[in-house]
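Peer 1:
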Amino acid sequence: MTSVSPPPHVGAIAKIEAVPTILQVIAETTGLRFACVARVTPSLWQACAVHDGIGFGMKVGDELKVETTLCHEVRSSLEAILIEHAAREAAFCSHPTPKMYGFESYLSVPLFRRDGEYFGTLCGLDPQPQPLRDRRALEMMTLFAQLISLQLDVDEKLATTEAALVAERDTATMREQFIAVLAHDVRSPLASITTGVAVLLGMALPEPVLGVARRMGRSARRIDRLVEQVLDLARGRLGGGLPLALVPVSDLTARVQQVVDEIASAHPDRSLEVSLDDIGTAEVDPVRIEQIVSNLLANAIEHGDPAAPVAIALQSTPDAIVLRVHNTGRPIPPDELSHLFEPFARGPRRPGSRGLGLGLFIVHEIVRAHGGTVDVTSTAGAGT
29 MTSVSPPPHV GAIAKIEAVP TILQVIAETT GLRFACVARV TPSLWQACAV HDGIGFGMKV
89 GDELKVETTL CHEVRSSLEA ILIEHAAREA AFCSHPTPKM YGFESYLSVP LFRRDGEYFG
149 TLCGLDPQPQ PLRDRRALEM MTLFAQLISL QLDVDEKLAT TEAALVAERD TATMREQFIA
209 VLAHDVRSPL ASITTGVAVL LGMALPEPVL GVARRMGRSA RRIDRLVEQV LDLARGRLGG
269 GLPLALVPVS DLTARVQQVV DEIASAHPDR SLEVSLDDIG TAEVDPVRIE QIVSNLLANA
329 IEHGDPAAPV AIALQSTPDA IVLRVHNTGR PIPPDELSHL FEPFARGPRR PGSRGLGLGL
389 FIVHEIVRAH GGTVDVTSTA GAGT
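Per our numbering, the sequence shown starts with residue 29, numbered consecutively.
1) With a threshold of 16 other CB atoms inside 10 Å of the CB of residue 121, please say whether the residue is buried or exposed.
2) Kindly give me the distance between the Cβ atoms of residue 393 and residue 270, rounded to whole angstroms, as I take these residues to be in contact under 8 Å.
3) Measuring straight from C-alpha to C-alpha, what distance separates residue 82 and residue 397?
4) For residue 124, name the three-state secondary structure that DSSP assigns.
5) On the three-pair Cβ rule with 8 Å, is the stretch 175-182 touching the stretch 82-92?
6) Using only CA atoms, which one of 333, 298, 287, 293 lies nearest to residue 316?
7) Please report the distance separating the alpha-carbon of residue 169 from that of residue 293.
8) Would you kindly work out how many angstroms separate the C-alpha atoms of residue 313 and residue 327, rounded to a whole number?
9) Would you mind reading off the limits of the alpha helix (DSSP H) that contains residue 387?
10) May I have the straight-line CA-CA distance separating residue 351 from residue 405, to the nearest angstrom?
11) I need the DSSP call for residue 133, collapsed to helix, strand or coil.
12) Using 8 Å for Cβ pairs, my map puts residue 224 next to residue 175. What's the rounded Cβ distance?
13) Spatial neighbours of residue 173 within its chain, please: C-beta separation below 6 Å, excluding the five flanking residues on both sides.
14) Going by DSSP, what residue range makes up the alpha helix (DSSP H) through residue 41?
15) Flag residue 144 as yes if its beta-carbon sits less than 8 Å from any beta-carbon of chain B, otherwise no.
16) Measure the Cβ-Cβ separation of residue 102 and residue 71 and say whether it is below 8 Å.
17) Considering only C-alpha positions, which residue in the set 84, 243, 112, 98 is nearest to residue 53?
18) Locate the alpha helix (DSSP H) running through residue 352, then write down its first and last residues.
19) With distances taken Cα to Cα, identify the nearest neighbour of residue 357 among 366, 367, 338.
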């Protein structure tokens, strides 16, 4: 084995947060204590992600001679290979690969890109025989391979989208075709991921497997929110503002409370101070109002002092409905305040935070479409 600098396909797999958990679940549920995602071409076998529970010694980026691997045969046949006990199976008892790499049990399924291009394999092996058929290992790993393939495709398209947005943010025009391309190229595989997750959640699988499915579902929902933000940006720039579906809403306070509860559940370590008046009936777009609450609260939590509570208040006046969100922490610099509600405006990022910097812009556009205004003040003493 030789080590090389990780190429783009290794980085692409590394961006899929669920992959390490998937490999661990495969090891625990199938008994194949070594599991990996490999990039396989006619001349290359390279590890993109590795779970090594047998001391095999392989690391991410390591290569094998592709012709010595069974993954090479998977690539040729485009079919999975399953071995429960190599020494007792006629097809593999004299095969050089199990002896060369010291395994008795083995399972490898093909990984494809969304366009049908062969990417590599999701595979596992172990020095001991394992009853893989009894454990439905092939079905489970095939589903995991499909989900990884879909997530890989979505991440690549999202990265392309973000790069295009960065290039466009200093120009005055956004192309209308961009909306259709984004909606189709990202949301189509997202729908497939959601379907795959639903299939997994409906199966009688071990809790670790279901945990991976739930995690991938949350990832798909996050990407869908990013896509929706980009679409809102394009709609606001190309048209006369965001479209609204105004209807009389009698339960606006309850809807706001539901969003607050969802945000609180997603951030159990943060304290929220909530004061919501009974608004009565108001003619608004309820989905967009919920979006305002979600964006403002999420922004306040991300940029506020983690040790201090975030406050939200909903009030009714004779002329307007007033929503206030308040946090404490480092004040927003004066030169940033004037640009706070512009697209791509982002303050200092916390480790692990994600987003395109569109949340407050969308808040501004929704409020403007309702005929309202958004104001912000930020000082060291009073907070934001």
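Don't be surprised by glycine CBs; every beta carbon is placed ideally from N, CA and C.
Peer 2: Judging by the given coordinates:
1) Exposed is the call here.
2) Residue 393 to residue 270, Cβ: 5 Å. Contact.
3) Rounded to the nearest angstrom, the two C-alpha atoms are 60 Å apart.
4) For residue 124, the secondary structure class from DSSP, reduced to helix, strand or coil, is helix.
5) Output reads no: the stretch 82-92 does not touch the stretch 175-182.
6) Looking at the Cα atoms, 287 is the closest of the given residues.
7) Between residue 169 and residue 293, the C-alpha separation is close to 31 Å.
8) So the two alpha carbons sit approximately 21 Å from each other.
9) Per DSSP, residue 387 belongs to the alpha helix (DSSP H) from 387-397.
10) Answer to the nearest angstrom: the Cα atoms are 14 Å apart.
11) Three-state DSSP puts residue 133 in a strand.
12) Residue 224 to residue 175, Cβ: 5 Å. Contact.
13) Here the set comprises 137, 139, 150.
14) Segment 36-42, the alpha helix (DSSP H) holding residue 41.
15) No chain B appears in the structure shown, which is made up of a single protein chain.
16) No, the pair does not count as a contact, with Cβ atoms beyond the cut-off.
17) Nearest option by C-alpha distance: 243.
18) Run containing residue 352: none in the alpha helix (DSSP H); it sits in the beta strand (DSSP E), 349-354.
19) When only C-alpha atoms are compared, the closest one is 338.
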